[in-house]
Amino acid sequence: MQFALQPPAFVSRLFARAEAPPRVTRWYAAGVRQGTTREIPRMGPRQTVHCRDGEAWITHDGDPRDIVLQPQQSYRVEGHGRRMTVHALRGDCVLEIEVGD
Numbered sequence: 000m001q002f003a004l005q006p007p008a009f010v011s012r013l014f015a016r017a018e019a020p021p022r023v024t025r026w027y028a029a030g031v032r033q034g035t036t037r038e039i040p041r042m043g044p045r046q047t048v049h050c051r052d053g054e055a056w057i058t059h060d061g062d063p064r065d066i067v068l069q070p071q072q073s074y075r076v077e078g079h080g081r082r083m084t085v086h087a088l089r090g091d092c093v094l095e096i097e098v099g100d
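Heads up: the sequence shown at position 99 corresponds to 98 in numbering that gives the first Met the number 0, and the numbers run straight through without jumps.
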């Protein structure tokens, strides 16, 4: 007599492949001179803004929140299709925008 042991259901889920994280498709840089304002286009469903230099004030159409980024801070853009406006508060701002799938 032979017995075949079946692993419990959780074992197959435990060793299943995890869903792949979203991959970055593009990076681009945007410069904003001190005291000026620039519109940053929405380029994908996932967008993260990284401030590399200067201080940036960010706002979106229809969103009452204001975001202020200082060097080495990041902000994940939420929502789709809203225009993002950036104003350089202190110094020339250098922003890196990460666009994912």
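Glycine included, C-beta positions come from ideal geometry on N, C-alpha and C. The structure presented is a predicted model; accordingly, all values stated were derived computationally and were not measured.
Roughly how many angstroms separate the alpha carbons of residue i and residue j, rounded to a whole number?
i           : j          : result
residue 100 : residue 74 : 17 Å
residue 64  : residue 82 : 13 Å
residue 17  : residue 33 : 44 Å
residue 59  : residue 14 : 42 Å
residue 31  : residue 84 : 11 Å
residue 44  : residue 67 : 22 Å
Which residues share a DSSP beta bridge with residue i?
i          : result
residue 45 : 99
residue 52 : 93
residue 29 : 94
residue 24 : Looking at the DSSP assignment, residue 24 forms no beta bridge with any residue, so it has no partner.
residue 87 : 55
Measuring only between beta-carbons, confirm whether residue i sits less than 8 Å from chain B.
i          : result
residue 76 : Of the chains in the structure shown, none is chain B; there is only one protein chain.
Under a Cβ-count criterion, where at least 16 other Cβ atoms within 10 Å of its own Cβ denotes burial, should residue i be classed as buried or exposed?
i          : result
residue 69 : exposed
residue 71 : exposed
residue 55 : buried
residue 61 : exposed
From what residue to what residue does the beta strand (DSSP E) around residue i run?
i           : result
residue 118 : Residue numbering for the chain in the displayed model covers 0 to 100; residue 118 lies beyond these limits and cannot be assessed.
residue 38  : 36-39
residue 75  : 73-76
Just to confirm my understanding: we take residue i, look at its own chain, exclude 5 residues before and 5 after, and list those with CB closer than 7 Å. What are they?
i          : result
residue 95 : 26, 28, 49, 51
residue 22 : 99, 100
Can you list, in chain order, the residues of its chain with a C-beta nearer than 6 Å to that of residue i? Leave out the 5 residues immediately preceding and following it.
i          : result
residue 46 : 76, 98
residue 92 : 31, 53, 55
residue 86 : 36, 56
residue 40 : none
Take residue i and list the residues in its own chain whose beta-carbon comes closer than 8 Å to its own, dropping the five residues that flank it on each side.
i          : result
residue 90 : 33, 52, 53, 54
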